[in-house]
Amino acid sequence: METEYVLEMEHVSFRYEKENVLEDIHLAVPKGAFLGLVGPNGSGKSTLLKCVLGLLKPQQGHISLFGTPIESFKEWYRIGFVSQKANSFNSGFPATVYEVVASGLTAKRGMFRFFTKNDKQAVLEAIEAVGMSAFAKRNIGELSGGQQQRVFIARAIVSKPELLILDEPTVGVDIHHVQNFYNMLDELNQRLGITLILVTHDVGTITEKVTHVACLNKHLYFHGKAEEFEKLGEDALSQFYGHSLHVLSHQH
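With the UniProt record's numbering, the residue at position 6 of the sequence shown is 6, and numbering never jumps.
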């Protein structure tokens, strides 16, 4: 059976004025994968995400989403995105968890249409999927950073996207809850079948959860399955990162 890809990048290069940020990137993400995208600060990870989301146009190369060239792609509701929101969220914002999650349906359904019974059920299912059912009526400003990030993920998945992109979602999450957070992402990938792209600095944790790893530092130094990535020595990783690197496991 031929592999189905949700994202394909071929010969993608991007520069800001004279500074090259991405150079000849080849990246293919198969349907159902959990890809960890790692690399040092300034390596081009955020720029790559902006290219995938259509916010930036590469000077060279081609990007396809679900087999469609990005220039022709219209079904953006098939993609969910979660940024580092918990770190900068306005805690005084007057909305409940339910209302924040429900707002994720507007892109797919339109701004002024009434919610149907199915819509309301989808909101409750999304809240349940991230383990926040007990907080559905709570004001989002009363939640911890990690809880807020769970709500933002529920908002991103309420329209049932096929691809979920997360840009360092554990920023602002208490270190004691990070492992539970990754377990939740693993559950979304395994149980709901959502393809995930996770940008993170936490190399040790992702190798225990993801199916594939891409190591970016302007060039794509590694792109393959997680078990292949784990076989790389710290010397090879340090060469990718440009400085000494020690991989820590979080299993204990």
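Ideal Cβ placement from N, Cα and C applies to all residues, glycine included.
Does the Cβ-Cβ distance between residue i and residue j come in under 8 Å?
i	j	result
Q84	D167	yes
A156	G104	yes
V199	K74	no
P161	Y77	yes
N20	K218	yes
I153	L37	no
F81	L53	yes
A102	I140	no
Between which residues of its own chain and residue i is the CB-CB distance below 7 Å, once the five residues before and five after are set aside?
i	result
E99	none
E227	none
G39	K45, C215, L216, N217
G32	G193, T195
F93	I140, G141
E51	Looking at the sequence shown, residue 51 is not Glu but Cys. Around C51: V12, F14, P58, I63.
By Cβ distance below 6 Å, which residues in the same chain neighbour residue i in space, the five residues on each side in sequence not counted?
i	result
S249	Note that S249 scores 44 on pLDDT, short of 50, meaning its location in the model is unreliable and no value can be drawn from it.
A122	V158
A28	Y5, E8
A126	V101, A154, I157, V158
K43	Reading off the sequence shown, one finds Ser at residue 43, where the question assumed Lys. Excluding sequence neighbours, S43 sits near L216, N217.
By Cβ distance below 8 Å, which residues in the same chain neighbour residue i in space, the five residues on each side in sequence not counted?
i	result
H11	D24, I25, H26, Q60, G61, H62
G224	H212, V213
D186	F34, K209
M132	V97, Q147, R150, V151, A154
Give me the Cβ distance between residue i and residue j, rounded to the nearest whole Å; I'm assuming they're in contact under 8 Å.
i	j	result
K209	F34	7 Å
G134	L188	What sits at residue 134 in the sequence shown is Ala, not Gly. That belief does not hold up - the Cβ atoms of A134 and L188 are roughly 19 Å apart, past 8 Å.
residue 265	I79	Residue 265 cannot be examined here, being either before or after the span of the chain that is shown, 1 to 252.
F229	T207	6 Å
query: When the Cβ atoms of the segment 62–78 are set against those of the segment 115–122, are three or more pairs found closer than 8 Å?
result: no
query: Enumerated in chain order, which unbroken segments of the alpha helix (DSSP H) with a length of 4 residues or greater are wholly contained in the segment 123–182?
result: 145–157
Those runs of the beta strand (DSSP E) which lie wholly inside the segment 20–46 and span at least 3 residues: 34–38
message: Restricting to runs no shorter than 3 residues, where is the beta strand (DSSP E) found entirely within the segment 49–99?
response: 60–65, 79–82
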